[in-house]
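Chemist: Take the sequence shown: its position 174, counted from the start at 1, is 416 in the working numbering, and no numbers get skipped.
Glycine residues also receive a C-beta, built at the ideal position from the N, C-alpha and C atoms.
My structure is below; once you've seen it, I'll send some questions.
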Amino acid sequence: MNKRSKYLISLAKKVSDSYKSNPDFAASMVTGSSAKGISDMNSDVDMSIFYKKPISKKHFEEIKKSAIDSGGGFYHGDHKNGFAVYHIIDGVKVDTGHGTITNHEKMIKAFLKNPTLDYNHQIIASGTLFAIPLYGKQFINKWKKWYSNYPEKLEDLMIKENLRFHSKWVLEKMGLERNESVFVTETILKSLENSVKVLCGLNNEYHPGKLKGMNYTIKNLKHKPKNLKYCVNSIFKIPQEKAVKEVNKLVKETVKLVEKYRPDVDTKRVNWLYNWEG
């Protein structure tokens, strides 16, 4: 936990405390980089505020106005179904999502029972697991326990639906040799994204929704290619010829890990395409 994260968490605690005057205020948590302990001077604060029942329209308008008056703004939603705003507090952008305990728990149960590849749900799941409860920790800790049981169906979806990669030949011959640098960059990025998604499923780790800040997730992956961290951090900082070799190595090792730990998954198609030579 670095110094900046501690400061942002203390700021989040003050924001949380400001809702205690509302008798229907039930829980709050801080997530994002501050909860991970890796914030820097460019980091904002990500918070969730939960109520026992929907707040009044008057209270909703007051929160909305407060956000706008601070230099922040209104994202979306309404007082009945939940909403999101952002305030500017002491020069820091503070995002707060608002909703009810009942609706939130319905959403969690529905997702765990019948997961899909809607990554917004995985962002919520991932964020909840490392979130720091600020108020009503009995609710937050209950949700952490629920999310800790990673759905088997989600594992299957993450592996099978993302086990898709271009062949080595396409990258080398149709990309590098033709000097199609944009195509090469696009293909490398897609292969990197798909590898990460497959590995998240294989390791029962919720996908954080984006590659930004991926080092935190990589640390939690027990089974992963040796060059995964290098690819995430450096693949677009090195010459494309080397980048192609690294991403091909990443894809090959990702498929091997699937074959080792999920031998029930059919990899014939992906291996054929990966080794296809035009």
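Where are the alpha helix (DSSP H) runs, 4 residues long or more, that stay fully inside the segment 448 to 483, in chain order?
Modeler: Whole alpha helix (DSSP H) segments, 4+ residues: 456 to 461 and 470 to 476.
Chemist: Would you call the segment 456 to 466 in contact with the segment 411 to 428, where contact means no fewer than 3 C-beta pairs closer than 8 Å?
Modeler: With a cut-off of 8 Å, the segment 411 to 428 and the segment 456 to 466 do not count as touching, because too few Cβ pairs lie within range.
Chemist: Let me make sure I understand the geometry here. Which of 458, 467 and 450 has the alpha-carbon closest to that of residue 243?
Modeler: Start at 1 with the first residue of the sequence shown, and residue 243 comes out as number 1. Residue 458 is the option with its Cα nearest to residue 243.
Chemist: Using only the alpha-carbon positions, how far apart do residue 475 and residue 322 sit?
Modeler: Position 233 of the sequence shown, counting from 1, holds the residue named residue 475. Position 80 of the sequence shown, counting from 1, holds the residue named residue 322. So the alpha carbons of these two residues sit roughly 42 Å apart.
Chemist: Just tell me which of 338, 340, 482 and 498 has its CA closest to the CA of residue 425.
Modeler: In the sequence shown, the residue the question calls residue 425 occupies position 183. Among 338, 340, 482 and 498, the Cα nearest to that of residue 425 is on 482.
Chemist: Taking a contact to mean a Cβ-Cβ separation below 8 Å, would you say residue 381 touches residue 254 in this structure?
Modeler: Here residue 381 refers to the residue found at position 139 of the sequence shown. Here residue 254 refers to the residue found at position 12 of the sequence shown. Not closer than 8 Å, so no.
Chemist: Just to confirm, are residue 330 and residue 314 a CB contact at a threshold of 8 Å?
Modeler: One-based indexing of the sequence shown puts residue 330 at position 88. One-based indexing of the sequence shown puts residue 314 at position 72. Yes, they are a contact pair.
Chemist: Specify, as a first and last residue, the run of the alpha helix (DSSP H) that residue 257 falls within.
Modeler: For this step, residue 257 is matched to residue 15 along the sequence shown. Looking at the DSSP string, the run of the alpha helix (DSSP H) that includes residue 257 is 245 to 259.
Chemist: Out of 406, 449 and 450, which one is the CA nearest neighbour of residue 429?
Modeler: As a first step, residue 429 must be located in the sequence shown, where it is residue number 187. Closest by alpha carbon: 406.
Chemist: Assess, as a yes-or-no matter, whether the segment 392 to 404 is touched by the segment 282 to 296 under the definition of 3 or more beta carbon pairs within less than 8 Å.
Modeler: Verdict: no, contact absent.
Chemist: Using DSSP with H/G/I as helix, E/B as strand and the rest coil, what is residue 271?
Modeler: Here residue 271 is taken as the residue at index 29 of the sequence shown, counted from 1. Looking at residue 271 - three-state DSSP - the assignment turns out to be strand.
Chemist: In its own chain, which residues sit with a C-beta less than 7 Å from the C-beta of residue 295, not counting the 5 before and 5 after it?
Modeler: Translated into positions along the sequence shown, residue 295 becomes position 53. Cβ within range, chain order: 266 and 342.
Chemist: Here's the rule I'm using: 16 or more other beta-carbon atoms within 10 Å means buried, otherwise exposed. How should residue 478 be labelled?
Modeler: Here residue 478 refers to the residue found at position 236 of the sequence shown. Its Cβ having fewer than 16 others within 10 Å, residue 478 is exposed.
Chemist: For residue 352, is the classification buried or exposed, using 16 other Cβ atoms within 10 angstroms of its Cβ as the cut-off for buried?
Modeler: Here residue 352 refers to the residue found at position 110 when the sequence shown is read from its first residue. Exposed, since its Cβ has fewer than 16 Cβ neighbours within 10 Å.
Chemist: So, is residue 518 buried or exposed, given that buried needs 16 or more other C-beta atoms within 10 angstroms?
Modeler: The residue you call residue 518 lines up with position 276 of the sequence shown. Under this definition residue 518 is an exposed residue.
Chemist: Roughly how far, in whole angstroms, is the beta-carbon of residue 246 from the beta-carbon of residue 401, given that I think they are within contact range, below 8 Å?
Modeler: Taking the sequence shown and counting its residues from 1, one reaches residue 246 at position 4. Taking the sequence shown and counting its residues from 1, one reaches residue 401 at position 159. In fact, because the Cβ distance is near 36 Å, the residues do not count as touching under 8 Å.
Chemist: Does the beta-carbon of residue 333 have 16 or more other beta-carbons within 10 angstroms, so that it is buried, or is it exposed?
Modeler: Along the sequence shown, read from residue 1 onward, the residue named residue 333 stands at position 91. By the neighbour-count rule (16 or more Cβ atoms within 10 Å), residue 333 is not buried but exposed.
Chemist: Do residue 373 and residue 277 come within 8 Å of each other at the CB atom, strictly closer than that value?
Modeler: Position 35 of the sequence shown, counted from the first residue, corresponds to residue 277. Position 131 of the sequence shown, counted from the first residue, corresponds to residue 373. Contact: yes.
Chemist: For the segment 390 to 420, which segments carrying the alpha helix (DSSP H) assignment without a break, of at least 4 residues, lie completely within its bounds, in sequence order?
Modeler: The qualifying runs are 394 to 402.
Chemist: Using alpha carbons as the reference points, say which of 498, 448 and 455 lies closest to residue 467.
Modeler: Counting from one through the sequence shown, the residue named residue 467 turns up at place 225. Among 498, 448 and 455, the Cα nearest to that of residue 467 is on 498.
Chemist: State yes or no: is the C-beta of residue 325 within less than 8 Å of the C-beta of residue 301?
Modeler: Numbered from its first residue, the sequence shown carries residue 325 at position 83. Numbered from its first residue, the sequence shown carries residue 301 at position 59. No, Cβ-Cβ distance for residue 325 and residue 301 is not below 8 Å.
Chemist: Taking the alpha-carbon of residue 389 as reference, which of 377, 411, 364 and 404 has the nearest alpha-carbon?
Modeler: Mapped onto the sequence shown, residue 389 falls at position 147. Residue 364 is the option with its Cα nearest to residue 389.
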